[in-house]
Amino acid sequence: MSSIPFDSSGVFIAGAWRAGAGGETLPLFNPSDGTLLAQIARGAAADIDAAVAAAQAALDGAWGVLTAGERGRVLLRMSAAVLAQADELARLEALDVGKPFKQGRADAVALARYLEFYGGAADKLMGETIPFANGYTAFTLREPHGVTGHIVPWNYPMQIIGRSVGAALAMGNACVLKPAEEACLTALAFAQLAAEAGLPSGALNVVPGLGEEAGAALTAHAGVAHLAFTGSVAVGRLVQAAAAQNTIPVTLELGGKSPQLVFADADLDAALPYLVNAGIQNAGQTCSAASRILVQRSRFEDVLARMAVRYRGLRVGPALADLDVGPLISARQREIVEHYLALARDSGLGVAAQGSTDSSASASGFFVRPTLLAPVNHSHRLAQEEIFGPVQVLIPFDDEADAIRIANGTAYGLVAGVWTRDGSRALRVARTLKCGQVFVNNYGAGGGIELPFGGVKSSGHGREKGFEALYGFSTLKTVAIQHG
Ligand code: NAD
Numbered sequence: 001m002s003s004i005p006f007d008s009s010g011v012f013i014a015g016a017w018r019a020g021a022g023g024e025t026l027p028l029f030n031p032s033d034g035t036l037l038a039q040i041a042r043g044a045a046a047d048i049d050a051a052v053a054a055a056q057a058a059l060d061g062a063w064g065v066l067t068a069g070e071r072g073r074v075l076l077r078m079s080a081a082v083l084a085q086a087d088e089l090a091r092l093e094a095l096d097v098g099k100p101f102k103q104g105r106a107d108a109v110a111l112a113r114y115l116e117f118y119g120g121a122a123d124k125l126m127g128e129t130i131p132f133a134n135g136y137t138a139f140t141l142r143e144p145h146g147v148t149g150h151i152v153p154w155n156y157p158m159q160i161i162g163r164s165v166g167a168a169l170a171m172g173n174a175c176v177l178k179p180a181e182e183a184c185l186t187a188l189a190f191a192q193l194a195a196e197a198g199l200p201s202g203a204l205n206v207v208p209g210l211g212e213e214a215g216a217a218l219t220a221h222a223g224v225a226h227l228a229f230t231g232s233v234a235v236g237r238l239v240q241a242a243a244a245q246n247t248i249p250v251t252l253e254l255g256g257k258s259p260q261l262v263f264a265d266a267d268l269d270a271a272l273p274y275l276v277n278a279g280i281q282n283a284g285q286t287c288s289a290a291s292r293i294l295v296q297r298s299r300f301e302d303v304l305a306r307m308a309v310r311y312r313g314l315r316v317g318p319a320l321a322d323l324d325v326g327p328l329i330s331a332r333q334r335e336i337v338e339h340y341l342a343l344a345r346d347s348g349l350g351v352a353a354q355g356s357t358d359s360s361a362s363a364s365g366f367f368v369r370p371t372l373l374a375p376v377n378h379s380h381r382l383a384q385e386e387i388f389g390p391v392q393v394l395i396p397f398d399d400e401a402d403a404i405r406i407a408n409g410t411a412y413g414l415v416a417g418v419w420t421r422d423g424s425r426a427l428r429v430a431r432t433l434k435c436g437q438v439f440v441n442n443y444g445a446g447g448g449i450e451l452p453f454g455g456v457k458s459s460g461h462g463r464e465k466g467f468e469a470l471y472g473f474s475t476l477k478t479v480a481i482q483h484g
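Oh and the sequence shown: position 315 is 315 in the numbering used here, straight run, nothing missing.
What follows is the structure, encoded as structure tokens:
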């Protein structure tokens, strides 16, 4: 199935492939045509036990004795291995996630870049000496948590593994990764590439399976010292509750309803590609998708007309046809999005424009035409809830205060974009928005390896990406030496 010799139906524990402990498998479907793609292991609690034990053994053995510089060099070799297989990883992602080839390739390159960034950073995080009492020398040490658990969703497996596992390994943790049951081929392929690049056995273990089985077992495991979860708000709350039982820290990267604010003085030519692409990238299945476009009333019709033109040019089709938009991940996800579109129709929201389905699209693929809705009242459910599909709403605003009130007026706070030529306003608005990241006169849905990322409110807490992630994936020890 792949030129990367991984076992798509296995679990990867202690550097080797084996069948899941229960011997059961789960079907994986190709979202572009609904056909069966592979059978993956249905990981069980016994697999998680074995994976945690293997990770602990790596910490007590070959992985734990490496210096920070040596760990960094392993990560750099992993980065090169990923880059050399970028086309194959993109092909797997196209089959598994339904991601257009170009977008999947960009994810593979991003994974390589995360490994390069964190490989280079591994020996750059230092402690401090502390002026303390006479006769003492006091200092701090950055140390790994130990075994870290990583639960990732299906929408950006490679990027999320890069930012989470990459940073954790750089700090000397050993990882147990639970990829999503809807799409996990690149997670498995990555384990194989990492091993071939020289990552010691047990430093990275991968157990696919259901969230409520393998995922829940990982979150409850007493041998896990830190959890990084990326996914829905509902499951994030369960993960945090499970972490509380073992009194361990948890990073939650959850959903969003991120706005882009377009002020009347904005450079619309520059803004336009970002306004649309940030909504339809990965068929809108992006945590930081700009699903709300807030436009100052005097430019509303202008922005609407220009976005509508772009929407009418969007083509939806199979992932390997590499069009603007691929299928959604599953029939269930398509039903959810269609439910929201029905709600829009029933409440009389105007469909300003839609993309078209390419003739190459199979009737059994999970396709939805990208849809632009306008005008939409800020309190409407379509303007408040995460749809996770290629649907954007346009919301008018009167002035700066109104824009901020609307932008901050959802349960989420992940990312925001601001388009204005007024530098003072850009700074003021960036400071006032309640979210984890603000882009001014650009927008990076999912992008920015170097930029700390994470949410406030229901979008989660803790930060991944950038140098900041290294603090989250390590703990601080203070040493005070009395020497007279
Ligand atoms: P999900 O929460 O259903 O699943 C995510 C992962 O959690 C999967 O691996 C799943 O198997 C696992 N899981 C499910 N139940 C579990 C349980 N009881 N215990 C432990 N693990 C469990 O999320 P999804 O619907 O697959 O993904 C979409 C959501 O993820 C959206 O809300 C999206 O915004 C969010 N997301 C956030 C980010 C971010 O960085 N903030 C990135 C991508 C996706």
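Built from N, CA and C at the ideal position, the CB exists for glycine as well. The structure presented is a predicted model; accordingly, all values stated were derived computationally and were not measured.
Beta-carbon proximity of residue i to residue j, cut-off 8 Å
i: A86; j: V109; result: yes
i: A243; j: L254; result: no
i: R297; j: L268; result: no
i: L92; j: A189; result: yes
i: Q333; j: F388; result: yes
i: A44; j: L83; result: no
i: I293; j: L275; result: yes
i: G166; j: V224; result: no
i: S201; j: A58; result: yes
i: E88; j: I4; result: yes
i: V415; j: S288; result: yes
i: L314; j: L343; result: no
i: A55; j: A122; result: no
i: A374; j: L261; result: no
i: A191; j: F6; result: yes
i: V206; j: F473; result: no
i: G413; j: K457; result: yes
i: M78; j: A197; result: yes
Straight-line gap, residue i to residue j (C-alpha atoms, nearest Å)
i: D47; j: R237; result: 24 Å
i: N246; j: L218; result: 12 Å
i: K102; j: T129; result: 48 Å
i: N155; j: G256; result: 14 Å
i: R369; j: P390; result: 7 Å
i: G146; j: V235; result: 24 Å
i: D60; j: A53; result: 10 Å
i: G284; j: Y471; result: 31 Å
i: S347; j: L341; result: 10 Å
i: Q437; j: E386; result: 18 Å
i: S360; j: L320; result: 10 Å
i: Q240; j: L252; result: 8 Å
i: E212; j: G64; result: 31 Å
i: R312; j: L177; result: 40 Å
i: V74; j: G215; result: 28 Å
i: H461; j: G455; result: 6 Å
i: I329; j: G98; result: 6 Å
i: D49; j: F229; result: 19 Å
i: D203; j: T35; result: The sequence given here has Ala at residue 203, not Asp. Roughly 34 Å between the two C-alpha positions.
i: A51; j: L199; result: 15 Å
Contacts around residue i, its chain only, beta-carbon distance under 6 Å, and the 5 residues preceding and following it disregarded
i: E450; result: G466
i: V429; result: V418
i: P452; result: R463, K465, G466, E468
i: I280; result: V325, P370, P390
i: A38; result: S8, L28
i: G317; result: L323, D358, S360, A361
i: P249; result: H226
Per-residue burial, residue i [other beta carbons within 10 Å of its own, 16 or more giving buried]
i: Y136; result: exposed
i: M126; result: exposed
i: L141; result: exposed
i: E182; result: buried
i: G172; result: buried
i: N134; result: exposed
i: A290; result: buried
Chain-order list of residues whose beta-carbon lies under 7 Å from that of residue i (same chain, five-residue window excluded)
i: F132; result: A138, A480
i: G409; result: H378
i: S2; result: E88, L92, A189
i: R163; result: Y114, E464, K465, A469
i: N30; result: L37, L95
i: T25; result: S9, Q39, I40, A41, R42
i: D265; result: T420, R421, D422
i: L331; result: Looking at the sequence shown, residue 331 is not Leu but Ala. For A331, where only same-chain residues beyond five positions count, the Cβ hits under 7 Å are F366.
Same chain only: Cβ atoms within 8 Å of residue i, ignoring 5 sequence neighbours per side
i: N442; result: Y274, G417
i: A220; result: A242, Q245, N246
Neighbour flag for residue i against chain C, beta carbons, 8 Å
i: D324; result: Within the model displayed, chain C is absent; a lone protein chain is all it includes.
Report the start-end ranges of each alpha helix (DSSP H) in the stretch 261-312 that is 4 residues or longer and not cut off at the edges. 268-280, 300-312
Could you tell me which whole alpha helix (DSSP H) segments of length 4 or greater appear in the stretch 203-245? 216-220, 233-245
- Entirely within the stretch 59-84 and at least 4 residues each: give me those alpha helix (DSSP H) ranges in chain order. 68-84
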